[in-house]
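Some notes on the structure that comes next.
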Amino acid sequence: MRAYGPEHIHTIGLFGHGGCGKTTLTEALLLTARAISRAGRVEDGNTVSDYDPEEQRRRMSINLAVAPVEWHDNKINLIDVPGYADLVGEMAAAMRVVDGAIIVVDAAGGVEVGTELAWEMARKAGVPTLLFINKLDRENANFFRCVEQARQILDEAVVPMQLPIGEQREFAGIISLRRQRAWLISEKHDGGFVEADIPPELVDLEQEWREKLIDRIAATNDDLIEKYLDGGADALTQDELNRGLRAGIANGSIVPVFCGSALQVAGMAQLLNGILDSIPSAARKPVQARDLINGKEMTLKAAAAEPLSALVFKTIVDPYGKMSYIRVFSGELSANSTVFNPRTGKDERIGQLYMVRGREQTAVAAIGPGDIGVAAKLGDVSTNDTLCSRDRPLQLAPINFPAPAFTATVKPKTRADLDKLGNALHNVVEEDPSVRVSRDPDTGESLLSGLGESHLQIIAERMKRKFGVEVELDLPRVPYRETIRGKAEAQYRHKKQTGGAGQFADVSIRIEPLPHDPNRTDPLEFVNSIVGGVIDRVFIPSVEKGVRAAMAEGVISGNPMVDVRVELFDGKMHPVDSKDIAFQIAGHEAFKIAAQKANPTIMEPIYQLEITVPEQYAGDVISDMNTRRGRVMGMMPAEGGRTTITAQAPLVEVLRYATDLRSLTQGRGRFSMTFDHYEDVPPHLMQALIEAQKKEHNSGH
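Under the numbering used here, read the sequence shown as residues 180 to 880, first letter to last.
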């Protein structure tokens, strides 16, 4: 593939709901552009963009994949993007580096959750967007129903550029509303077509929709409106229509709809032409960067003469090394050169550079402005890093990866897995920044957080396949606490007489609850009120140590105790037999006796949730929250006909909320949750919890 200037490069993301045909569409476009000689099938695991063994096994895309094609002296970098909700991190990465988005819609399924999600992300990113209604040859396909749904759910700016000739088994071709011609599908299904007149029975329908399209285009410009109002649709030249269309797509006032069937390789040449007509090239997309010398924002053009600014938007790690996917926004990235990484403050040696098509790699001398390529084996470079020159340090806006919504404990299956676990976790986080690894300071468990249960299962399978580490995922333990609600006193005498030296200690303590203070770091306030030296000062820390050990074990459920004041006010010692261990044991036992008498209770962590759902699901979400012992704190209208609900709920009730909210709202709900405070477990749940917790602690947790 030859090198192209930025005015001839278009980077296009294929987005949409899982299963709408993005990977098959990628194959059809590659075949039409003669980049491949035969289209692969997702079912057969032989497509260009689903080359990962896990993708082939699951028959779905898991990673974004780059597949460039050459078309009419232009280069189009296609990015096939996964559509499942758990893989939205890949959508965020792709959306940051594309010049335009094609949102693929299944002609039978219509506008689905993934369609809405892709639309929202494209709008937020300000990316020019077009819709492609796919699978018109499928049973129950309905082009006009899809268009109407898209206008109602997404935006009224949605307007067809093409109409299908027939649908389902009768699907035979496409009508262009701009050119007023028909393209009939070639029987070879190789991307070829025959140009013809519009079938007579469809002329009136074509005229009706052409009026709507030209109406939209004319509205983009005062001169066009004037001309259109004076002379009607035919008064506008093809050139004027193209200019108005581009302007409308760029500012979001027109969302053109293309149609076809990727499986039949129908409508592909027209879609490729539509990309060149509709989506601005890299040269027409200036980028904002922050100058790190003066701290000011600056605008860079996609030109080789500009300072280098390149963003690492995807990392793939395997046992053989690391591949960093890079979009060069300005300047030129050369092989065997040195660049600067502002995050580390260090220079980074660039070795070999490649252009990739799926797994296929072609070595290149440089990646030019506006283009995408891959650098191999970069040392300390991660996704979201900006690469620039040391004398002109720049920072590009990062990819906003979604926050994790589901957490599980991760445990190695065997001793051998334990040794390799740390490295494998580091690698999966490097590959997927929407995954987080942490350690729960209370339970000591290793935690893996991601966007959903399926997401973490994919990560676990990746660790096994790539790094030979088998892990078990489970729901994390809830970090319960114990405390006391009353006051009590206790005395304990520890006496042990054996053949040699004995042990003796006698302590009397008084305990009471402390008011909860979120800033307190020590669960115990220990007060020494011994007078007259009845216990030697040297043994006071031993008593405190014993009390702390008892608090760490808890007295009713095996969970640590917090917010307690302990006063040591009396005791006795023996001149020979008293020693450190004796006072530790006495302190430990005295505390347990006192705590049992001081109305001990269990507290559970309460989390604050912010849940955003389409308005029609708000009632269901609130009802469900009530069944989880949750408290709804408030409701606020959010943009796009949504409602944001704030609530508080016990952690134990929302461990699987990512999955549950998805099924409650057909995948349209989003939420975030943060720890808020601890609260007493209701009495009617306490006994069952005590038994369950004791069982858990006794089993060695």
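Note that the Cβ used here is the ideal one computed from N, Cα and C, for glycine as well.
Counting other Cβ atoms within 10 Å of its Cβ, Thr593 stays below 16 and is therefore classed as exposed.
Straight-line measurement puts the Cα of Ser851 at about 18 Å from the Cα of Ser802. In the DSSP secondary-structure assignment, Trp362 is bridged to Ile353 and Glu374. Pro658 sits in coil when the DSSP states are folded into three classes, being neither helix nor strand.
Counting C-beta pairs with one atom in each stretch, the region 763–773 and the region 793–800 have fewer than three that are closer than 8 Å, which means they do not touch. Residue state for Ala669 is assigned as strand, using DSSP reduced to three classes. Counting only the Cα atoms, Lys674 lies some 51 Å from Asn602. For the pair Met274 and Glu875, the Cα-to-Cα distance works out to about 45 Å. Just so you know, the alpha carbons of Ala680 and Ala761 end up roughly 12 Å apart.
Judged by beta-carbon spacing, Pro435 lies within the 8 Å limit of Leu309, meaning their Cβ atoms are closer than that value.
Assigned with DSSP and collapsed to three states, Glu640 falls in helix.
Distance from Glu527 to Leu557 at the Cβ level is roughly 6 Å; contact confirmed, criterion being Cβ atoms closer than 8 Å. C-alpha of Gly629 to C-alpha of Lys254: approximately 35 Å in a straight line. Taken in chain order, the complete beta strand (DSSP E) segments of 3 residues or longer contained in the region 553–640 are 573–575, 585–591, 615–618 and 625–629. Of the candidates Thr190, Thr226, Ile191 and Gly198, Thr226 places its Cα closest to the Cα of Ala207. DSSP places Gly453 in the uninterrupted alpha helix (DSSP H) bounded by Met447 to Ser457. Counting of Cβ neighbours within 10 angstroms places Pro572 among the buried residues, the total reaching 16 or more.
Residue pairing of Cys325 in beta bridges, as defined by DSSP: absent, with no partner found. When only Cα atoms are considered, Val543 and Ala837 end up about 43 Å apart. About 6 Å separates the CB atoms of Ala264 and Gly846; that is less than 8 Å, so the two are in contact.
Annotation: Gly289 to Gln328 spans about 7 Å, alpha carbon to alpha carbon. With fewer than 16 other CB atoms across the displayed protein chains lying within 10 angstroms of its CB, Met812 is exposed. Taking a 10 Å sphere around the C-beta of Lys493, we find 16 or more other C-beta atoms and assign the residue as buried. With 16 or more other Cβ atoms from the protein chains shown falling within 10 Å of its own Cβ, Leu420 counts as buried.
Within the region 285–312, the complete alpha helix (DSSP H) segments of 4 residues or longer fall at 292–304, listed in chain order. Exposure of Ser842 is indicated by the presence of fewer than 16 other C-beta atoms within 10 angstroms of its C-beta. Scanning the region 771–841 for uninterrupted beta strand (DSSP E) segments of 3 residues or longer gives 779–793, 810–817 and 821–829, listed from N- to C-terminal end. Less than 8 Å separates the beta-carbon of Pro612 from that of Gly268. Under the three-state reduction of DSSP, Tyr407 is assigned to helix. CA-CA distance, Val650 to Arg615, rounds to 16 Å.
In this structure, the beta-carbon distance from Ala320 to Ile344 does not fall below 8 Å. Per DSSP, the beta-bridge partners of Pro692 are Val743. Between the region 810–829 and the region 700–707, the count of C-beta pairs closer than 8 Å stays below three; the two stretches do not touch. Contact between Ala246 and Asp229 does not hold, since their C-beta atoms are separated by about 11 Å, which reaches or exceeds 8 Å.
Here Leu652 is near Leu635, since their CB atoms are less than 8 Å apart. In this model, Gln540 and Glu335 are separated by some 42 Å (Cα to Cα).
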